[in-house]
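Here's the structure we're looking at; comments come further down.
4 protein chains.
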Amino acid sequence: MDKSRKPYQLVSLEWKKEPTVFKVNNAEIGGDNFNLIAGPCAVENEEQIHTIASYLSKKGIKILRGGAYKPRTSPYSFQGLKEEGLIYLKNAAIANQMSVITEVMDTNLVDKVYEYTDIFQVGTRNMQNFQLLKALSKTNKPIMLKRGWSSTIEEWLLAAEYLLLGGNPNVILCERGIRTFETATRNTLDLNAVALAKTLSHLPVMVDPSQGTGLRELVEPMSLAAVAAGADGLMIEIHNQPTEALSDGRQSLYFDQLDVLMSKVEILCNTIGKQVDYRKKENEKIFEK
Amino acid sequence: MDKSRKPYQLVSLEWKKEPTVFKVNNAEIGGDNFNLIAGPCAVENEEQIHTIASYLSKKGIKILRGGAYKPRTSPYSFQGLKEEGLIYLKNAAIANQMSVITEVMDTNLVDKVYEYTDIFQVGTRNMQNFQLLKALSKTNKPIMLKRGWSSTIEEWLLAAEYLLLGGNPNVILCERGIRTFETATRNTLDLNAVALAKTLSHLPVMVDPSQGTGLRELVEPMSLAAVAAGADGLMIEIHNQPTEALSDGRQSLYFDQLDVLMSKVEILCNTIGKQVDYRKKENEKIFEK
Amino acid sequence: MDKSRKPYQLVSLEWKKEPTVFKVNNAEIGGDNFNLIAGPCAVENEEQIHTIASYLSKKGIKILRGGAYKPRTSPYSFQGLKEEGLIYLKNAAIANQMSVITEVMDTNLVDKVYEYTDIFQVGTRNMQNFQLLKALSKTNKPIMLKRGWSSTIEEWLLAAEYLLLGGNPNVILCERGIRTFETATRNTLDLNAVALAKTLSHLPVMVDPSQGTGLRELVEPMSLAAVAAGADGLMIEIHNQPTEALSDGRQSLYFDQLDVLMSKVEILCNTIGKQVDYRKKENEKIFEK
Amino acid sequence: MDKSRKPYQLVSLEWKKEPTVFKVNNAEIGGDNFNLIAGPCAVENEEQIHTIASYLSKKGIKILRGGAYKPRTSPYSFQGLKEEGLIYLKNAAIANQMSVITEVMDTNLVDKVYEYTDIFQVGTRNMQNFQLLKALSKTNKPIMLKRGWSSTIEEWLLAAEYLLLGGNPNVILCERGIRTFETATRNTLDLNAVALAKTLSHLPVMVDPSQGTGLRELVEPMSLAAVAAGADGLMIEIHNQPTEALSDGRQSLYFDQLDVLMSKVEILCNTIGKQVDYRKKENEKIFEK
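In order, the protein sequence lines correspond to chains A, P, D and W.
Here the first sequence stands for residues 1 to 289, numbered as in this note's numbering.
Here the second sequence stands for residues 1001 to 1289, numbered as in this note's numbering.
Here the third sequence stands for residues 2001 to 2289, numbered as in this note's numbering.
Here the fourth sequence stands for residues 3001 to 3289, numbered as in this note's numbering.
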């Protein structure tokens, strides 16, 4: 990337020197805030999403993730509950005073997803679905733009430029791992990209360590690494019964693992001057064994 | 890929042992046929596409490519002439008794593109746009499915499975290069994938050496390599004034370069028992210097 | 690669416009010659290498490959017969009037390997072993420089520049596949690199489709693709009992597969004006089924 | 990686449950220790290395890095001062009561480098130089094994297995970035690999954020991320005049940048229970702006 001649403008720190900060109901995103978004990969049934949302809201989590329309490599895999899933997700969020983030896969679904979600998620496969970006840029709801798994940082910022140019300033960049030759992890989480994006853009940058590693046991260390690299938030997959999950069970945390992760993230955020958006009463010395 | 337990079915050679062959107007695709599709990256104006189509049809080329809706990395790049481009493209094809292939970027555009095209092209960024695949699977026009630039061969075949499962059997696979660490070429053309796809599937497999190399001077040798690897056709970018092209000029052939390429491809096809679908009167010993 | 300011000189076509041609005993390499080098991945015992060499020499193959010092990912894998392997290999070659090519892994082994080999092979892991390159550049035997599996074309040419700068002009470049995200094939054979190297350098460029695919059934189509892309030769793994091979059995040809491959390569070479260096009496229409 | 059937043994946590801890003069490596190794990419002259060593030792840094034999892509680039460089490096270290780490590029250089170094560094290009690994395994000095830029985690651990199997237990793994499609950063620092290696092996794992990013401004955030991901140390490039450096200037820190980095690393280490091996009198709240 020739840094002297940037191909984007609206997303750049030179264009706007203050970090982009915006509210989603009771959550504030960007600036000194650090958000933790959590939920299952897919909404599987009403009970599952209510169980998870209830747990998360008790922990202070304010934004609930969950897929209703799922992009799946195979046509024979579970494709999501679709509108039924959106309804369950929304109801679970309302019942627990949470906001919703869910993926919109296609221009035809923008209106429907709009009814139920608080934040649109653009998935990794759609980072360069330019018709979808243009449609979303005309809505008034925030957008999380996941990095394409083989997209450069410059392409990612240019995709965000489509959103800002279309009129929607409330964009979250989300690094979720890139595709490399390594096979021990599902993706290679590129924290360089987080640190670099923070020097190039005023937009908040979050990290998805669940997709970024594919391995439950790496979610905690890579969450902490993301905090230290300068991320503004995390998006975590969690499940009440990971081994029974219809998708991505191998990378979903157990409830008690999230609890530990939240404590450590909070301590780290305190250390580096970020404000976590979830309440934790006790601030135990959890790093000490 | 564990070859003993294939995750796809309808696209596999085990499911259907005979190669898939179908007609697009006066062109026959698949089996022993070898097709050469050519045209500019983008339809730029009426005169340009007519000039190119007229030249190509005189050479015997039966299928005209040209982009009307262009997926562009930057919102500031030329985005295509849209419906106006489709009209120019269709008129140029009709005037020269050619068929049209053009990219459809979004479910919302399927009906409009259907009016003008003979073959739908699914671009590399949309190989896993599953809503689009599902919509196209319900149409009765053939589909060229370009491989995602970071998609595995298995993911490519599974994307094709979406199309066949939805009811459309007339699918062309098209290898167009993958993204690697190499920067001397725009993409790394993966002819392994062509040879392997031919052992796994009954679908015709074409190659786009223009995208696959990004360099005009490599289009000829890689076209010949594609023929030798077992490809069923080529998709070539050509322009009447490559240095003035609004996009992809660096990889577009000059008219006289296509002429040489066609002669060599024909000789090679004759050698290995493929039938080129364009007429060439003379069969000069063009390989000899 | 900025083509206007090349970082190498001696290997470039601008420096020396005529192709590099040299003899290795009865074989001539470079220019219009097309060489087929064959043999097992590793010399396993005396009988094996004699059986294979005897078969190959009857087919007209002039250069015998075989590993004596094997670079193995695991210390628990078969590491080669070492000097004993060199002796068996040399004797098998002499008995069949063939030349030897074998890998030299380390500066300490240069003198010993020199005694037995006719061509030094620098393996993919050693392409940037600069001390080894410098040592080999001072010998008077030709060197095959395999491309590093994650080396760019420019880095490959610069490694060759070390050899020419040190005083050894007889260098063969060999593309053997690069490491990418694809897992269905062992490597991604990059024929773009072959075509590009031929436009940049006067050195002969060969291809190893055995390493480049990892799958026996892809060796033939990718050999033909290599010929068509402009390669000056092939290096093929073959074994008298592939299923019993101590290494790389999955990618080793059976004897009768090599026979078919040689016929097809010869026909293709005839078509494009290359001279194969092996005799074939009959030139049957083997492409026709 | 099939975790149920590991191809390595001696390096695995199952084989040895306690972390490997060893001393290098006054520095202790592994376990709860966190080491900071620093110095220039290359020893350029006597004054340069003394200036840098003097600065570093005042800061409490105990291990001095510096290249004397430099592996360079081009034969026309500065190749290092060779033995002269080793002498300057050793003298600078002795004068400042520091230990030396420097790269050994070849088996022929093992004895010479042994005289001057306290820790052997195996560079990324030599991770699979198995003859070199075998030679080093027979020495009694610790070895830092940098990950090959395109080597999997499993291959990295297997390379370390060569060292332990040969008899040298004092091995440091060092992640230094892998080669991907991204071009905005020189390499993609793979902290997943650090977190995963810590779950698989008892060996200390360090990180080189200078090579891993190629950009001075990313060295601090990625150093902190490495700490949080569980690394046991950092290896940092620093130069008294980065803009004049003969190699890698773009990624070398200025003196005052290292000062800030050390403070932040110390605070982070305190937070997570690691002991930095350098003294810092003041522990100012440097994260607060």
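Heads up, the beta-carbon is just placed ideally off N, CA and C, and yes, glycines get one too.
Check: Inter-residue Cα distance where the pair is LYS1082 of chain P and ILE3178 of chain W; Outcome: 41 Å
Check: Where LYS3264 of chain W falls: helix, strand or coil (DSSP); Outcome: helix
Check: Simplified DSSP assignment, three categories, for PRO2007 of chain D; Outcome: coil
Check: Contact set between SER1137 of chain P and chain E, taken where Cβ atoms lie within less than 8 Å; Outcome: Absent from the structure: chain E. Protein chains present are A, P, D and W.
Check: Chain-ordered neighbours of VAL1227 of chain P on chain D, where CB pairs are closer than 7 Å; Outcome: ALA2228
Check: Closer than 8 Å to chain A by CB, ASP1106 of chain P; Outcome: yes
Check: Burial state of VAL3260 of chain W (16 or more Cβ within 10 Å); Outcome: exposed
Check: Whole-number beta carbon distance between VAL3113 of chain W and VAL3104 of chain W, since they are thought to touch under 8 Å; Outcome: 4 Å
Check: Under 8 Å by beta carbon: chain A residues contacting ARG2179 of chain D; Outcome: PHE181
Check: ARG250 of chain A, DSSP secondary structure in three states; Outcome: helix
Check: Range of the contiguous alpha helix (DSSP H) that encloses SER3210 of chain W; Outcome: 3209–3213
Check: Nearest-angstrom Cα separation, counted from LEU3246 of chain W out to VAL3021 of chain W; Outcome: 35 Å
Check: Proximity test, Cβ basis, 8 Å: TRP2149 of chain D and chain W; Outcome: yes
Check: Cβ of ALA38 of chain A within 8 Å of any chain W Cβ; Outcome: no
Check: 8 Å Cβ cut-off: residues of chain D touching THR1102 of chain P; Outcome: Those do not exist, as THR1102 of chain P stays about 26 Å from chain D at its closest Cβ, beyond 8 Å.
Check: Exposed unless 16 or more other CB atoms sit within 10 angstroms - verdict on GLY212 of chain A; Outcome: buried
Check: GLU2047 of chain D in three-state terms, based on DSSP; Outcome: helix
Check: Close-in-space but distant-in-sequence residues of the same chain around LEU158 of chain A (CB under 6 Å, 5 per side omitted); Outcome: TYR8
Check: Of the listed residues P:SER1057, P:GLY1080, P:GLU1028, nearest to GLN1097 of chain P (C-alpha basis); Outcome: P:SER1057
Check: Nearest residue (CA-CA) to GLY1166 of chain P, options P:ASP1111, P:ARG1279, P:ASN1025, P:LYS1141; Outcome: P:LYS1141
Check: Rounded straight-line distance, which links the Cα of ASN126 of chain A to that of LYS280 of chain A; Outcome: With a pLDDT of 48 at LYS280 of chain A, under the threshold of 50, the predicted position of this residue should be treated as unreliable, though the coordinate-derived value follows. Roughly 36 Å separates the two Cα atoms.
Check: Contact check, VAL2024 of chain D vs ILE2063 of chain D, beta carbons under 8 Å; Outcome: yes
Check: Residue(s) in a DSSP beta bridge with ALA2159 of chain D; Outcome: Answer by DSSP bridge pairing: none, since ALA2159 of chain D is not bridged.
Check: Member of W:LEU3164, W:MET3222, W:VAL3100, W:GLU3115 whose CA lies at the smallest distance from the CA of ALA231 of chain A; Outcome: W:MET3222
Check: Start and end residues, alpha helix (DSSP H) containing THR3102 of chain W; Outcome: Per DSSP, THR3102 of chain W belongs to no alpha helix (DSSP H); it is in the beta strand (DSSP E), 3099–3103.
Check: Residues near LEU136 of chain A by beta carbon distance below 6 Å, same chain, minus five either side; Outcome: PHE120, ILE143
Check: Cβ-based burial, THR1124 of chain P [other Cβ within 10 Å; buried from 16]; Outcome: buried
Check: Given THR3051 of chain W as reference, the closest of W:LYS3070, W:LEU3133, W:TYR3088, W:ALA3195 once Cα atoms are compared; Outcome: W:TYR3088
Check: Assigned exposure category for ASN3045 of chain W - 16 Cβ within 10 Å defines buried; Outcome: exposed
Check: Chain D within 8 Å of ARG3005 of chain W, Cβ atoms only; Outcome: no
Check: Element boundaries [alpha helix (DSSP H), containing ARG2176 of chain D]; Outcome: Where ARG2176 of chain D is concerned, there is no enclosing alpha helix (DSSP H), given that its DSSP letter is neither H nor E.
Check: Interface flag, ILE3267 of chain W vs chain A, CB-CB below 8 Å; Outcome: yes
Check: Collapsed DSSP secondary structure at PHE255 of chain A in the structure displayed; Outcome: helix
Check: Which of helix, strand or coil DSSP assigns to GLN2128 of chain D; Outcome: coil
Check: Within-8 Å CB hit, THR185 of chain A to chain W; Outcome: yes
Check: Selection from A:PRO209, A:LEU215, A:LYS274, A:ARG250 that minimises the alpha carbon distance to ILE37 of chain A; Outcome: A:PRO209
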